[in-house]
Structures are given as C-alpha cells and as structure tokens.
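Q:
Protein chains: 2
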Amino acid sequence: MPDASTIVTVLDRAGYRLTEPRRVVAGLIAGREGHFTAADLVDDARERRLDVGRATIFRALELFTELSAVERVDLPSGEHAYVECEPIHHHHVICSQCARTTEVEACGMPAVAREVGKATGFKIQSHRLELFGICPDCQAANSRRG
Amino acid sequence: MPDASTIVTVLDRAGYRLTEPRRVVAGLIAGREGHFTAADLVDDARERRLDVGRATIFRALELFTELSAVERVDLPSGEHAYVECEPIHHHHVICSQCARTTEVEACGMPAVAREVGKATGFKIQSHRLELFGICPDCQAANSRRG
DNA sequence: GACGTTGACGATACCGAGTCTCACTCAGTA
DNA sequence: TACTGAGTGAGACTCGGTATCGTCAACGTC
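Those sequence lines, one after another, are chains W and B. The opening residue of the first sequence carries number 11 in the numbering used here; numbering runs sequentially from there. The opening residue of the second sequence carries number 11 in the numbering used here; numbering runs sequentially from there.
1) Determine the closest residue to E140 of chain B out of B:L60, B:E76, B:E57 and B:H90, with distance taken between C-alpha atoms.
2) Leaving out the 5 sequence neighbours to the left and right, which residues in its chain are closer than 7 angstroms to L60 of chain B when beta-carbon positions are compared?
3) Report the residues of the region 118-131 of chain B with a CB closer than 8 angstroms to any CB of chain W, ordered along the chain.
4) By Cβ distance below 7 angstroms, which residues in the same chain neighbour A123 of chain W in space, the five residues on each side in sequence not counted?
5) Got a sec: which bits of the region 131-145 of chain B sit with their beta carbon under 9 angstroms from any beta carbon on chain W, in order along the chain?
6) Locate the beta strand (DSSP E) running through G143 of chain B, then write down its first and last residues.
7) At a Cβ cut of 7 angstroms, what residues of the region 87-98 of chain W count as close to chain B, listed as they run along the chain?
8) Measuring CB to CB, does L73 of chain B end up less than 8 angstroms from D54 of chain B?
9) Rounded to whole angstroms, what is the Cα-Cα separation between E115 of chain B and I144 of chain B?
10) Rounded to whole angstroms, what's the CA-CA distance from A49 of chain W to A151 of chain B? Just pull it up for me.
11) When the cut-off is 8 angstroms and only beta carbons count, does V114 of chain W lie next to chain B?
12) Distance, Cα to Cα, M119 of chain B vs E81 of chain W?
13) Expressed to the nearest angstrom, what Euclidean distance is found between the alpha-carbon atoms of E76 of chain B and T112 of chain W?
14) Please list, in chain order, the chain W residues whose beta carbon lies closer than 9 angstroms to that of S78 of chain B.
15) Can you give me the C-alpha to C-alpha distance between C105 of chain B and S153 of chain W, rounded to a whole angstrom?
16) Give the straight-line distance between the Cα atoms of E30 of chain B and I67 of chain B, rounded to the nearest whole angstrom.
17) Opposite D84 of chain W in the DSSP bridges: which residues?
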C-alpha cells in the first residue's frame, strides 16, 4: 500500500517546502493503486472538494518525478501516466485489465543493452522498458469466470 | 536509406487506395532520417509547398502505423515520434545526439520477459523497449572534436 | 509570537498535438 | 460515362500541459 508520507519525506529531505497542496497531491497519489494520469488527480481533487489548482497538480507531479518519488510511464495507447515508485532503477509491469503496476528489476536488461550496443555500435546510455500483461488477480478472476 | 515505395507497396498490398496525398506523406517520411513527429511532417509539407492537409497527415500516419510501415516511439522527453521500419517485431535504438534510429531484434528480450513473468506472476503479453545512446557516427565526430 | 523573504499558490490565458465533422473530390468499377 | 464510397482539406474543437502574474503562506530569524 503506498503512503503519502513517503513522498512528503522525500520532499522534506530534498529541502522543498511542505505545503498543504503538496500534501494533498501526495495523498491523492497514495490513494491510488496502479497508474494514474494528471487528469485523474485533477478529477479526484474536484470530487473530494479539495481546493488544489490544476497547475499545482502538474507542478507537484513534475517535482515528484524529478525527485523519483513517482515515475512517468507511457501506456500502449500513447497516454502519459504516472506510478508511485521507489527511487531506484527498475521497470514496470502494467496489468492491461486492472491497471495495477508492479516494479521489477529486470536484471537481464543490462545484458540485452550490452548486446544491442555490440550489434549496432551504439554507446547505450539509457533505456526504457515497459511490460504489459495480466496480473495474478485478474488471471484468477478470469479463470473463475470460465 | 528509406524509400517511399516501401510504404506505398505496403499500402497497395493491404488494399488501400494509392492517393496523391498518401504518396506525398510517404515521400516526406522517406526523406527523413531517424525519428520525426507529426508536426515535423506538417512543417515539411508546408515548406515544400505540398498541398496536404494537417488532418490528412495524421490520418496517413495512423494508417501507416496500423500497417506497421512506421512505428510510434516515445522519446525520453515524453514527445511522441514515429520511425519508418520493417513490419516485424523489433526495437529501436535512438541516437540522443542526431536522432538517427536503428532497428534491433534484441533477441535477449523474451528471456527477460519470461523472467519477469516468473518473478511477478504476471502473464506478460507485450512489451515496449526503447534504447537511447550515441550512434557510431556521433561517437566518431565527438572524439575528433576532442 | 511577529516579521520578512521568497518559494509556492490559484486563476486563467495560452499553446500545440491530435480528433471530429462535413461538404467536396476523385479513384476504381460497372 | 456515371456512380459510389473511400479519401480529402478546412477549420472548429478537445484536452493535456505550460506560462504569467498577483497573492499567499512556509519557514528561518529575531
């Protein structure tokens, strides 16, 4: 279960001000499972009558991304989404049914990157890997349904 | 060197009409090296005084993508771009200096996907891998420059 | 606790990518 | 040649994201 205080702590450590709107956005993120878009948070805030401006939500997301408290992912649809995550290098596995995401280290990746570098002559600097599939829960639900 | 006739052939085989605007868009794509955005093509068309509507360019790109004659990639900046490519499963290595792209099979990927599936319990259906680095030409140019 | 500084805020205008609509055109066919 | 419907261009529209600007409040200092 994600926790708003994690983000707040990261913010504090980095020397940023702990303002009410930032706490609210952190709380909205914590209240979500899986990926979410900026628009989702804007809607959430409006529904819960939390007085946070649209611009503020975008700014907060930008800041959290910079601090690696959340990460941007690109869905197959081309949409930009965010997921809350630990600030270490990893990748996301995204359930295409329920949108839940899981972090993985995908430790085989450096080898793949090395191989690609060898094959193409490129000096590989970074990569982006996103995996899409069906999570265990949805698999179970699907098989129950027949 | 990409070739407009490749796209035109794919279009023809799929039973789509070979109209002038589609040939023009195919030509614009062929005239590019590396990735490009829809806006790039719109600009190109305007510069060369080719009478192709903006909507038509978007429609053509959508169609070409559907036929796997071009593929969408997401740049680290979050921009959506396209690259011309062969209609088989592969990944792109993108030069962060000159934007040139190269296709690779990244044959180690199925193993990584399998491993991730095992570790998370997800049934992996698809993945998206993009690699960013410096191409051989830019490396050479850089080392010449000191 | 009061105060001052300045980073953060909300409102809102703005921008640009992409989509939708609709009347018109033209490629392919009978 | 006439017909038909896929494809087109113009332009309005939507929506995600950014920029601006006057105001507010977090936080360090006294």
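Glycine is no exception: its CB is placed at the ideal position from the N, C-alpha and C atoms. Computed from a predicted structure; not experimentally measured.
A: So, to answer that:
1) Taking the Cα of E140 of chain B as reference, the smallest distance to any Cα among B:L60, B:E76, B:E57 and B:H90 is reached at B:H90.
2) Excluding positions up to five away in sequence, the list reads V34.
3) Flagged, chain order: G118, M119, A121, V122, A123, E125, V126, G127, A129, T130 and G131.
4) Within the same chain, I134 and H137 come within 7 angstroms of A123 of chain W by CB-CB distance, once the 5 residues on both sides are set aside.
5) For the region 131-145 of chain B, the beta-carbon criterion of a distance under 9 angstroms to any beta-carbon of chain W is satisfied by G131, F132, K133, I134, Q135, S136, H137, R138, L139, E140, L141, F142, G143, I144 and C145.
6) Its beta strand (DSSP E) spans residues K133 to I144.
7) When CB distances to chain B are screened at a threshold of 7 angstroms, the residues of the region 87-98 of chain W falling below it are G88 and H90, in chain order.
8) With respect to the 8 angstroms criterion, L73 of chain B and D54 of chain B are not classified as neighbours on the basis of their beta carbons.
9) The straight-line gap from Cα to Cα measures roughly 18 angstroms.
10) Straight across, the Cα-Cα distance linking A49 of chain W with A151 of chain B is about 43 angstroms.
11) The C-beta of V114 of chain W comes closer than 8 angstroms to at least one C-beta of chain B.
12) The C-alpha of E81 of chain W is placed about 22 angstroms away from the C-alpha of M119 of chain B.
13) If you take the alpha carbons of E76 of chain B and T112 of chain W, they lie about 29 angstroms apart.
14) Here the premise fails: no neighbours, minimum Cβ distance about 15 angstroms.
15) Going by the C-alpha atoms only, they are around 44 angstroms apart.
16) Their backbone Cα atoms lie some 12 angstroms apart in a straight line.
17) DSSP output for D84 of chain W lists W:H90 as bridge partner(s).
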